[in-house]
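Those letters in the sequence shown? Residues 2 to 514, by my numbering.
Cβ coordinates follow ideal geometry from the N, Cα and C atoms, glycine included.
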Amino acid sequence: MDWSLVDLANDAQDIALGLQALLQDLSDFEDEVLGNISALFALSPELRRLEKALERPKSRRAAAYVTEEVDLLASSLQLTLESIRNFFGQSEYRTLRAWNELGDQFESEGLLLDDRLGEYRQLASSICEYLQGAIAEEDLGDVSSLVKRLRARQAVGSSTSRPTMPARPHLPRHPHYTQPEPCCEYELDSSDYGDFGDTPYPYPPAPEVASPMSPTFSNSSYGTYHSSDASVTDGPPSPSQHWAVRIFDGRHPWTQFSGALGQPTRCLGRDMPEAVNRLYADGFHKVIELPFDNNEAVVRLYWRPSDHRARILFLTIDQLGRRHRHCIPLTALRFIRTGSCLQLCRVNHQDGQLDLWANLRFNGYERMVLFYCAAVAMKRQDSIGTAPNMEDFFQPGEKIEFAGEIEDDHYRHAFRIFRDRASGAVRFEATALRGPMKKTPIWTAFVTAYVGARAWMRRLGPRTVSLSELHPYVFCEGYAPPRGVGGCFELRFGLADDCEGFVRLFHRIPVPR
Numbered sequence: 002m003d004w005s006l007v008d009l010a011n012d013a014q015d016i017a018l019g020l021q022a023l024l025q026d027l028s029d030f031e032d033e034v035l036g037n038i039s040a041l042f043a044l045s046p047e048l049r050r051l052e053k054a055l056e057r058p059k060s061r062r063a064a065a066y067v068t069e070e071v072d073l074l075a076s077s078l079q080l081t082l083e084s085i086r087n088f089f090g091q092s093e094y095r096t097l098r099a100w101n102e103l104g105d106q107f108e109s110e111g112l113l114l115d116d117r118l119g120e121y122r123q124l125a126s127s128i129c130e131y132l133q134g135a136i137a138e139e140d141l142g143d144v145s146s147l148v149k150r151l152r153a154r155q156a157v158g159s160s161t162s163r164p165t166m167p168a169r170p171h172l173p174r175h176p177h178y179t180q181p182e183p184c185c186e187y188e189l190d191s192s193d194y195g196d197f198g199d200t201p202y203p204y205p206p207a208p209e210v211a212s213p214m215s216p217t218f219s220n221s222s223y224g225t226y227h228s229s230d231a232s233v234t235d236g237p238p239s240p241s242q243h244w245a246v247r248i249f250d251g252r253h254p255w256t257q258f259s260g261a262l263g264q265p266t267r268c269l270g271r272d273m274p275e276a277v278n279r280l281y282a283d284g285f286h287k288v289i290e291l292p293f294d295n296n297e298a299v300v301r302l303y304w305r306p307s308d309h310r311a312r313i314l315f316l317t318i319d320q321l322g323r324r325h326r327h328c329i330p331l332t333a334l335r336f337i338r339t340g341s342c343l344q345l346c347r348v349n350h351q352d353g354q355l356d357l358w359a360n361l362r363f364n365g366y367e368r369m370v371l372f373y374c375a376a377v378a379m380k381r382q383d384s385i386g387t388a389p390n391m392e393d394f395f396q397p398g399e400k401i402e403f404a405g406e407i408e409d410d411h412y413r414h415a416f417r418i419f420r421d422r423a424s425g426a427v428r429f430e431a432t433a434l435r436g437p438m439k440k441t442p443i444w445t446a447f448v449t450a451y452v453g454a455r456a457w458m459r460r461l462g463p464r465t466v467s468l469s470e471l472h473p474y475v476f477c478e479g480y481a482p483p484r485g486v487g488g489c490f491e492l493r494f495g496l497a498d499d500c501e502g503f504v505r506l507f508h509r510i511p512v513p514r
């Protein structure tokens, strides 16, 4: 069936505006409704982007392979939007009662509204990535599996007897925006369980609090974390600005690990049934959410703006359908890479040895790197601090092809080129050089595609190299790697010998072709 994704995008925005008009009547559910409004506005541009991607001539062949996924996305979304429109039209019910009934309907279908909107957005984004050649067909199947189950339940629900709904009401048309409206930067992460989605929505403004102070150290990377730039406020970033929400942006390449993967994803921690509600009550906000092992497990990272505390939440459903929740501070964990897995270990206070708390199995190198760097950076930025014996290890699985120092506004960073042994992928990484943040990731960039592309880099002087293209992932707020006059990123080495060595060695790195 042919679908107009632009029409669905317009409908999503109209419904968001309709919900805005009912906020006063739904004051008991204000946070929930605001989260849904934000999710609808966030979904709309993804649908428009997908429509454009499908219309590109160079995507026609690939588009033929995603017809089923597009039909699945559009049909399920249309049914969801129709249900909300019917809620608008139920004048014979009180508004609160109608909203509760709508929530009951969505729950009976297996996904609450905020969860399914997140799934729609993720599926639309993944189809775009497939059309661009960024992910494989089987990866797209993993993403679409949850929407398939939802669509099947929607079909069952539509065939059962329900009270007759009034005719679809007409919602007034409003101007359409290409980006979410700035006033709708909200999310309430209070759902008891939601093992779906990859991209968190914006959050309510953070309270005005002072950033935790750290010991100052000279000639190092401290300024990267505590910038004096006039564009950076003295207070902490609001949750909508927290750097972690920008990490999994769908733009990273995908390099699969060679050979057999490691042990399945699992958590050995204590089950905490009230973990999600407790996180919400304690003021934490979800900033990262990743599914593992075909969505059999979901891992979330949470952050509290008042003191920068960080938590990890592990969610699973066992074979009997029972839900399990495990939660622990990031500062209590040590992250150790083992092949295609990250092992999260905690100290056994009886014998002082490390016990396995969780094992995370990854299919692709880049996803593992981003999760590791984000988790370690949040752990090190936590106001509580980390014990000396809890240092994290990732590099045993990578070979250091180059090591030197780069400078940024007189701050020095350790700079490395890593080549992964299990996938052959290559990345840059800058870390803090000295002080309490030593070895903490500042930024990383995946550069496998540029090895051998000599026009990609240009030496500007004895200590500076300009890169025509780079997509760095930054693990601290208010910072970006330096750019030159033309807007290209620059590597500014502390020593001319380092610059010479970098230029000489980079294109000799062996990479898979």
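{"query": "Closest to residue 62 by C-alpha separation, out of 272, 328, 131, 303, would be which residue?", "result": "131"}
{"query": "Please go through the same chain and pick out, in chain order, the residues whose beta-carbon is closer than 7 Å to the beta-carbon of residue 114, but skip the five residues on each side of it.", "result": "37, 107"}
{"query": "DSSP beta-bridge partners for residue 458?", "result": "468"}
{"query": "Could you please give the first and the last residue of the uninterrupted alpha helix (DSSP H) stretch that includes residue 67?", "result": "No alpha helix (DSSP H) holds residue 67; DSSP gives it neither H nor E."}
{"query": "Is residue 57 helix, strand or coil when you go by DSSP?", "result": "coil"}
{"query": "Does the beta-carbon of residue 45 have 16 or more other beta-carbons within 10 angstroms, so that it is buried, or is it exposed?", "result": "buried"}
{"query": "Taking Cβ positions, are residue 417 and residue 403 nearer each other than 8 Å?", "result": "yes"}
{"query": "Rank 150, 39, 123 by C-alpha distance to the C-alpha of residue 111 and give the top, closest one.", "result": "150"}
{"query": "Looking only at DSSP bridge pairs, what is residue 337 linked to?", "result": "344, 394"}
{"query": "Taking the alpha-carbon positions, what's the residue 156 to residue 421 distance?", "result": "46 Å"}
{"query": "Where residue 315 and residue 283 are concerned, what is the direct C-alpha to C-alpha distance, given to the nearest angstrom?", "result": "17 Å"}
{"query": "Within the 8 Å Cβ cut-off, does residue 248 reach chain B?", "result": "The question asks about chain B, but that chain is absent: this structure has only one protein chain."}
{"query": "For residue 462, is the classification buried or exposed, using 16 other Cβ atoms within 10 angstroms of its Cβ as the cut-off for buried?", "result": "exposed"}
{"query": "Hey, which unbroken runs of the alpha helix (DSSP H) at 4 residues or more fall wholly within the stretch 262-312?", "result": "276-282"}
{"query": "Pick out whichever of 407, 455, 431, 481 has its Cα sitting closest to the Cα of residue 464.", "result": "407"}
{"query": "Taking residue 125 as the reference, which of 510, 251, 482, 21 has the closest Cα?", "result": "251"}
{"query": "Measure the C-alpha to C-alpha separation of residue 310 and residue 501 and round it to an integer number of angstroms.", "result": "42 Å"}
{"query": "Figure out for me which residue from 415, 382, 369, 378 has the closest Cα to the Cα of residue 398.", "result": "369"}
{"query": "Looking at the unbroken alpha helix (DSSP H) that takes in residue 9, where does it start and where does it end?", "result": "6-22"}
{"query": "Between 321, 360, 331, which has its C-alpha nearest residue 269's C-alpha?", "result": "360"}
{"query": "What are the complete alpha helix (DSSP H) segments, minimum 4 residues, inside the stretch 104-146?", "result": "114-132"}
{"query": "Sort 379, 459, 255 by Cα distance to residue 487 and report the nearest one.", "result": "459"}
{"query": "Run through DSSP, which three-state label would residue 403 get?", "result": "strand"}
{"query": "Give me the Cα-Cα distance between residue 71 and residue 376, rounded to the nearest whole angstrom.", "result": "33 Å"}
{"query": "Rank 257, 300, 295, 292 by C-alpha distance to the C-alpha of residue 1 and give the top, closest one.", "result": "With the chain covering only 2 through 514, there is no way to say anything about residue 1."}
{"query": "Going by other Cβ atoms of all chains shown within 10 Å of its Cβ, with 16 needed for buried, is residue 411 buried or exposed?", "result": "exposed"}
{"query": "Tell me which same chain residues have a C-beta within less than 7 Å of the C-beta of residue 508, skipping the five on either side of it?", "result": "452, 453, 455"}
{"query": "Just verifying my parser: in three-state terms, what is the DSSP assignment at residue 255?", "result": "coil"}
{"query": "Report the partner residues of residue 415 according to the DSSP bridge assignment.", "result": "406, 432"}
{"query": "List the residues that DSSP assigns as beta-bridge partners of residue 493.", "result": "465"}
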